[in-house]
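**Q** Anchor point for the sequence shown: position 115 equals 458 in our numbering, and the numbering is continuous, going up by one each time.
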Amino acid sequence: MHDPQPMALPFFLKNKKTKWAWRCHIDTTTPSAQARDFAEEFLPLYDKTIFSMDTFAKGMNCEKNSVVIYPSIDPFSEKNKNLTDEQITAVICSYGLDLSKPILLQVSCFDPWKDPIGVIDVYRSVKEKFSDVQLVLIGSMATDDPEGWEFYERTLRHAGEDEALFVLTNFDGVGSVEVNAFQRSATVVMQKSLREGFGLTVSEALWERKAVVGGNVGGIRVQIKDGENGYLINSNEEAVERIEELLLNNDKRVKFGEEGYENVEKKFLTTRHALDYLKLFKRLV
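(1) In this structure, does DSSP put residue 545 in helix, strand or coil?
(2) Kindly indicate which three-state DSSP category residue 409 falls into: helix, strand or coil?
(3) Using the Cβ count rule (16 or more neighbours within 10 Å means buried), how would you classify residue 370?
(4) Do residue 449 and residue 462 have their beta-carbon atoms positioned less than 7 Å apart in this structure?
(5) Quick one: using the 10 Å Cβ neighbour count with 16 as the cut-off for buried, is residue 436 buried or exposed?
(6) Can you list, in chain order, the residues of its chain whose CB lies under 8 Å from that of residue 420, leaving out five sequence neighbours each side?
(7) Cβ atoms of residue 611 and residue 546: under 7 Å apart, would you say?
(8) Compare the beta carbon distance of residue 577 and residue 559 with 7 Å and say whether it is the shorter of the two.
(9) Is it buried or exposed for residue 607, if we count other Cβ within 10 angstroms and need 16 for buried?
(10) Could you tell me whether the region 441–459 touches the region 538–553, using the rule of 3 or more Cβ pairs below 8 Å?
(11) So, using beta-carbon positions, are residue 458 and residue 537 closer together than 7 Å?
(12) Using 10 angstroms around the beta-carbon of residue 500, count the other beta-carbons present and answer buried if the total reaches 16, otherwise exposed.
(13) Taking 7 Å as the threshold (C-beta atoms), are residue 523 and residue 422 in contact?
(14) Whose CA, out of 557, 481, 502, lies closest to the CA of residue 438?
(15) Which same chain residues end up closer than 6 Å to residue 507 when comparing Cβ atoms and leaving out the 5 residues on each side of it in sequence?
(16) Over what stretch of residues does the alpha helix (DSSP H) that includes residue 566 continue unbroken?
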């Protein structure tokens, strides 16, 4: 079972031969007490609980019965497979960006915890020194998520009419291939989360050999080794400083990209993920 919505199912399917595992993708370090108490009623029904970070298990009081399994990316998916230079150029130019100028990119849903407002503020500060920099914010919108639409509209208002700032969604024709192209064309990728379950967009960018500046929270800490394959930041000011440093230093961007690629290859691909699950199933049976 994945996340809270279906976790009561074992209560209705009482079969002693069945083994159950609950997979939590959420940052439960400091959960709502009411939500935690409700979820904990069902945790005894599970033989194992799976978290993305050991600190998340502590927040749910079930670290004794838990295992840590990192999420992963599929290197052969549309979002992660190799693209030709021609494919990348066609996508980027179709949205009006200039590939001869630096591009900052964040791919995430429009949510307060992903801090797109803060990303825009960081971009504006960077633009004072690098006047030609461009910013792209990409998010996927759902028709049944009114809060997401409200924050998307708030982001648009904050963006204003800056011709070098692009706020794009699936309703603008941005799908997996387009996200892939934008990640591969970015000069620096951001994931300025204030709170994060894991944030696989970081691994996606690292897989594409990009330097990433990410919030010092949740699973981003596992993916980014600060100063080795990217930077972890705790404020807008730190983000501005690190981005400006990377814009000035192409060699460091290349080094971070190579280190990041190797880290993802070892730890965050589906092959490792499948092996972790096989080991878990073996223990359960």
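Backbone N, C-alpha and C fix where the C-beta goes; we use that ideal spot for every residue, glycine too. Predicted model, so just to flag it, every value in this text is computed and none were measured.
**A** On the basis of the coordinates in this document:
(1) Counting from one through the sequence shown, the residue named residue 545 turns up at place 202. Three-state result, residue 545: helix.
(2) For this step, residue 409 is matched to residue 66 along the sequence shown. If DSSP states are grouped into helix, strand and coil, residue 409 belongs with the strands.
(3) Here residue 370 refers to the residue found at position 27 of the sequence shown. Residue 370 comes out buried.
(4) On the sequence shown, residue 462 is found 119 positions in, with the first residue counted as 1. On the sequence shown, residue 449 is found 106 positions in, with the first residue counted as 1. For residue 462 and residue 449, yes; Cβs fall inside 7 Å.
(5) In the sequence shown, counting from the first residue as 1, residue 436 sits at position 93. By the 10 Å Cβ count, residue 436 comes out exposed.
(6) For the purposes of this step, residue 420 is taken as residue 77 along the sequence shown, with counting starting at 1. Excluding positions up to five away in sequence, the list reads 519.
(7) Looking up residue 546 in the sequence shown gives position 203. Looking up residue 611 in the sequence shown gives position 268. In this structure, residue 611 lies closer than 7 Å to residue 546 by Cβ.
(8) Counting from one through the sequence shown, the residue named residue 577 turns up at place 234. Counting from one through the sequence shown, the residue named residue 559 turns up at place 216. If you check the CB distance, residue 577 and residue 559 come in under 7 Å.
(9) Locating residue 607 in the sequence shown gives position 264, counting from the first residue. Answer is buried; the Cβ neighbour count reaches 16.
(10) yes
(11) The residue you call residue 458 lines up with position 115 of the sequence shown. The residue you call residue 537 lines up with position 194 of the sequence shown. Between residue 458 and residue 537, the C-beta spacing is below 7 Å.
(12) Indexing the sequence shown from 1 puts residue 500 at position 157. Under this definition residue 500 is an exposed residue.
(13) If you number the sequence shown from 1, residue 422 lands on position 79. If you number the sequence shown from 1, residue 523 lands on position 180. In contact: residue 422 and residue 523 (Cβ atoms closer than 7 Å).
(14) The count along the sequence shown starts at 1 and reaches residue 438 at position 95. Looking at the Cα atoms, 481 is the closest of the given residues.
(15) Along the sequence shown, one-based indexing puts residue 507 at 164. The answer, listed in chain order, is 477.
(16) If you number the sequence shown from 1, residue 566 lands on position 223. Per DSSP, residue 566 belongs to the alpha helix (DSSP H) from 563–566.
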